[in-house]
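Taking it in order: structure first as structure tokens, then the write-up.
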Amino acid sequence: MRIGGAITLFGIALTWLTFRNLERIVMGTRHLSVLLLLGGFLTALGFISGMTVQSGDLIHVISFLVIIGPGIIAYALSTGNLVNPTLRLLLQFGLVLSSLIRVGRHSDITKEIIQIGSLLSVILLMNSLFSLKFIGNDVKTLLKLSSWLIVIFSWMRFGLIDYRGLSRAIIFSVYLTSIVLWVAAAYITYLAVSVIPTTGILDKSDQEGF
Numbered sequence: 069m070r071i072g073g074a075i076t077l078f079g080i081a082l083t084w085l086t087f088r089n090l091e092r093i094v095m096g097t098r099h100l101s102v103l104l105l106l107g108g109f110l111t112a113l114g115f116i117s118g119m120t121v122q123s124g125d126l127i128h129v130i131s132f133l134v135i136i137g138p139g140i141i142a143y144a145l146s147t148g149n150l151v152n153p154t155l156r157l158l159l160q161f162g163l164v165l166s167s168l169i170r171v172g173r174h175s176d177i178t179k180e181i182i183q184i185g186s187l188l189s190v191i192l193l194m195n196s197l198f199s200l201k202f203i204g205n206d207v208k209t210l211l212k213l214s215s216w217l218i219v220i221f222s223w224m225r226f227g228l229i230d231y232r233g234l235s236r237a238i239i240f241s242v243y244l245t246s247i248v249l250w251v252a253a254a255y256i257t258y259l260a261v262s263v264i265p266t267t268g269i270l271d272k273s274d275q276e277g278f
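Take the sequence shown: its position 60, counting from 1, is numbered 128 in the working numbering, and each next residue is one higher.
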């Protein structure tokens with residue numbers, strides 16, 4: 069998962085840079101991007117701790133912080149009118165959360181809470197890019213696919229404990245494909261935002277929540 073974790077951090081950074089630039093162009097403030105950075109940091113903490121932390125007391129503290137991460141991201145995106153509770157988003161959240169029913173015989177509940185918090189944060193960040201009015205349908209398709217693959221992975225990830233070889237590789241490939249699609253969409257969006265000052269692609273309606 070280390071490769072996937074590194075790519076995930078890159079996706080978080082690209083998403084944050086996109087909204088930081090948008091905020092500077094449209095609003096002239098950094099309130100939203102600071103909150104996204106904080107939420108993204110807590111999300112990254114979840115991925116890093118899952119790979120490195122073994123101390124029982126420390127992992128409980130980290131689990132609490134990672135739970136806060138999606139809340140901070142959701143608050144930041146809602147104040148910027150970027151993510152509305154669409155049926156797709158609610159369904160994705162419900163499916164990811166419901167994967168916890170498999171925790172009992174598979175893994176430690178605290179570590180699974182950290183995983184769930186991180187996955188929910190990533191889904192929120194994916195949907196935040198989807199909500200931008202000026203991105204094309206091709207980018208939106210990438211974001212839809214990536215978010216649904218995260219949902220699928222949330223149920224398949226327990227197989228990383230049970231299986232080896234090809235089966236394990238297939239499960240990991242679902243996550244990796246999701247993150248690569250997200251990073252591709254985030255990079256395209258970041259490039260589009262970078263040329264806004266010269267192209268003026270944002271009209272007045274776009275600026276009401278980007």
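All residues carry an ideal CB built from backbone N, CA and C; glycine is no exception.
**OP:** With DSSP as the reference, label F226 as helix, strand or coil.
**Re:** Of the three classes helix, strand and coil, the one that applies to F226 here is coil, per DSSP.
Subject >> N-terminal and C-terminal residue of the alpha helix (DSSP H) that F161 is part of >> reply: Membership of F161 in the alpha helix (DSSP H) is indicated by the continuous run 155 to 166.
Subject >> Within 8 Å, strictly: CB atoms of T257 and L197 >> reply: Against a cut-off of 8 Å, the Cβ pair of L197 and T257 comes out as a contact.
Original post:
What first and last residue would you give for the alpha helix (DSSP H) that runs through V242?
Top reply: V242 -> alpha helix (DSSP H) spans 234 to 262.
Original post:
Looking at the structure shown, is I93 part of a helix, part of a strand, or coil, going by DSSP?
Top reply: Three-state DSSP puts I93 in a helix.
Original post:
Is F109 helix, strand or coil by DSSP?
Top reply: F109 falls in the helix class under three-state DSSP.
**OP:** Kindly indicate which residue of G204, S222, R225, S246 has the alpha-carbon position closest to the one of V261.
**Re:** Comparing alpha carbon positions, the residue from G204, S222, R225, S246 closest to V261 is G204.
Original post:
Who are the Cβ neighbours of N89 in its own chain at under 7 Å, not counting the five residues just before and after it?
Top reply: Answer for N89: V261, S262, listed in chain order.
**OP:** Report the rounded CA-to-CA distance for K201 versus K208, giving the unit in angstroms.
**Re:** Distance between the alpha carbons of K201 and K208 is about 10 Å.
Original post:
Would DSSP call D206 helix, strand or coil?
Top reply: In this structure, D206 counts as helix in the three-state DSSP scheme.
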